[in-house]
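Student:
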Amino acid sequence: MCGVLTGSLVGDKRYRISKISPPCVKEHTHCGCERDAVMANQFIEEDYKQSEYTRFYIGEWHTHPEDIPKPSVVDYRSIRNNYHTASLVAPILFMIIVGWQTFHISVYNGNEFVEIEPEIV
């Protein structure tokens, strides 16, 4: 499964992931997911309006069929491509990968991926 994240800027270089879309799937296999761009964009636009234009596209999520997920070459390539082709409000993109026991979160800033530990609020 796969989808998108929306969020907002809450401080100097601090972002809040506010909403996680339901699956936006065009095609899905055991080891891959093609996101439906129309469904994803509709979710992003609706949340942008509902938030009175304060929440915006901030990243992507998907699942991996493993206990402790690790990003693949395809995952990194996809986020890099989205960063360089999407209309971004923030200069970053989050990547969340959900596994069977835990999850991976990293941020891409246009130059590198940085794995982060989220602050749950």
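Per our numbering, residue 1 is the first one in the sequence shown, and the count goes up by one each step. Where is the CB? At the ideal position from N, CA and C, for every residue including glycine. Here the structure is a predicted model, which is why all the values come from computation and not from measurement.
1) Under three-state DSSP, which class holds Tyr108?
2) In the DSSP output, which residue or residues are listed as bridge partners for Gly3?
3) Alpha carbon to alpha carbon, how far is Ser51 from Ile79? Give it in angstroms, no decimals.
4) Please name the residue, chosen from Met39, Val121, Trp61 and Arg55, that lies closest to Val107 on a Cα-to-Cα basis.
5) How many angstroms separate the CA atom of Thr102 from the CA atom of Pro118?
6) Measure the alpha-carbon distance for Ala37 versus Cys24 and round it to whole angstroms.
7) Going by DSSP, which residues form a beta bridge with Met39?
8) Can you determine whether any heavy atom of the ligand FAD sits closer than 7 Å to the C-beta of Tyr48, and answer yes or no?
Tutor: Judging by the given coordinates:
1) Here residue 108 refers to the residue found at position 108 when the sequence shown is read from its first residue. DSSP places Tyr108 in strand when its eight states are reduced to three.
2) Residue mapping note: residue 3 aligns to position 3 of the sequence shown, counting from 1. Gly3 has Trp61 as its beta-bridge partners, per DSSP.
3) For the purposes of this step, residue 79 is taken as residue 79 along the sequence shown, with counting starting at 1. For the purposes of this step, residue 51 is taken as residue 51 along the sequence shown, with counting starting at 1. Straight-line Cα distance between these residues: approximately 25 Å.
4) To locate residue 107, count along the sequence shown from 1; it is residue 107. Looking at the Cα atoms, Trp61 is the closest of the given residues.
5) Within the sequence shown, the letter at position 102 stands for residue 102. Within the sequence shown, the letter at position 118 stands for residue 118. C-alpha of Thr102 to C-alpha of Pro118: approximately 13 Å in a straight line.
6) For this step, residue 37 is matched to residue 37 along the sequence shown. For this step, residue 24 is matched to residue 24 along the sequence shown. Computed Cα separation, rounded: 8 Å.
7) On the sequence shown, residue 39 is found 39 positions in, with the first residue counted as 1. DSSP output for Met39 lists no bridge partner at all.
8) Ligands are entirely absent from the displayed structure, and the ligand FAD is therefore not among its contents.
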